[in-house]
Structures are given as C-alpha cells and as structure tokens.
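Q: The sequence shown maps to residues 1 to 95 in full-length UniProt numbering. The beta-carbon is built from N, C-alpha and C at its ideal position, and this holds for glycine as well.
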Amino acid sequence: MTVGTAAGEEEIQEVFKDLFDPIIEDRHSGYQPSVEHKTDLNPENLQDFDDLDPNYGLSSPLPSHTAVTGHTIKKLEVEYNRSRATATHQQPLPL
C-alpha cells in the first residue's frame with residue numbers, strides 16, 4: 001500500500017488525527033496512538049547482526065518524513081511561502 005499524506009506540523013497531526021491515525025495503524029501493524037515510540041540511536045544496542053557476510057553491503061532505503069516540534073518539513077514550507085506570496089502578489093523566493 002502506498003500512502004501520500006504529510007503533516008507539516010505537530011498541530012496538524014492532532015487536527016487531522018481521524019485521517020492520520022488509521023493510516024499509521026495500518027502501515028505499522030496495529031500501532032496505536034497511545035503507544036509512545038522509543039528511539040534508540042546507539043549503534044551498540046543493535047542485535048542479530050553477528051552472522052552478516054562482510055563481503056556484502058547491507059542497505060535498506062527507507063523514505064520517511066516526519067515533523068519535529070519547532071521545525072517544518074522544507075517542501076511544505078516552500079509550498080506555503082509560494083502560495084502566500086502568490087496570494088499577496090509578491091514574487092516568491094527562488095528554490
């Protein structure tokens with residue numbers, strides 16, 4: 001399944017939770033809004049990689065976009081600024 005939605009700000013996720021929550025639940029095998037995601041960026045805690053063949057590279061493309069409190073998604077910010085500039089008859093900033 002491919003889903004094309006984006007919530008540029010944390011507030012949008014709350015306002016449109018009736019749209020986003022079922023998509024997130026379906027894409028992440030029943031992941032409920034009440035569950036808090038645990039992030040562990042320490043590579044020392046990776047498990048089950050002892051039997052990898054060192055002659056091969058391991059990669060997995062994982063396109064993911066998320067909003068972080070206080071930061072916007074650049075593409076959405078550019079689109080917003082362009083639409084605002086158009087609405088006020090100003091020249092939008094170049095990319």
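If you measure between the beta carbons of Ile23 and Tyr31, is that distance less than 8 Å?
A: Position 23 of the sequence shown, counted from the first residue, corresponds to residue 23. Position 31 of the sequence shown, counted from the first residue, corresponds to residue 31. No, the Cβ-Cβ distance between Ile23 and Tyr31 is not below 8 Å.
Q: Could I get the ranges of all uninterrupted alpha helix (DSSP H) runs contained in the segment 16-47, with 4 residues as the minimum, in chain order?
A: For the segment 16-47, whole alpha helix (DSSP H) runs of length 4 or above, ordered along the chain, are 17-27.
Q: Cutting at 8 Å between CB atoms, please list the residues of its own chain near Thr5, excluding the five before and the five after it.
A: Position 5 of the sequence shown, counted from the start, is the residue given in the question as residue 5. Leu19, Phe20 and Ile23, listed in sequence order.
Q: Look at the alpha carbon of Glu38 and the alpha carbon of Asn45, and state the distance between them as a whole number of angstroms.
A: Here residue 38 refers to the residue found at position 38 of the sequence shown. Here residue 45 refers to the residue found at position 45 of the sequence shown. One point to set straight first is that residue 38 is Lys, not Glu, in the sequence displayed. Taking the straight line from one Cα to the other gives about 13 Å.
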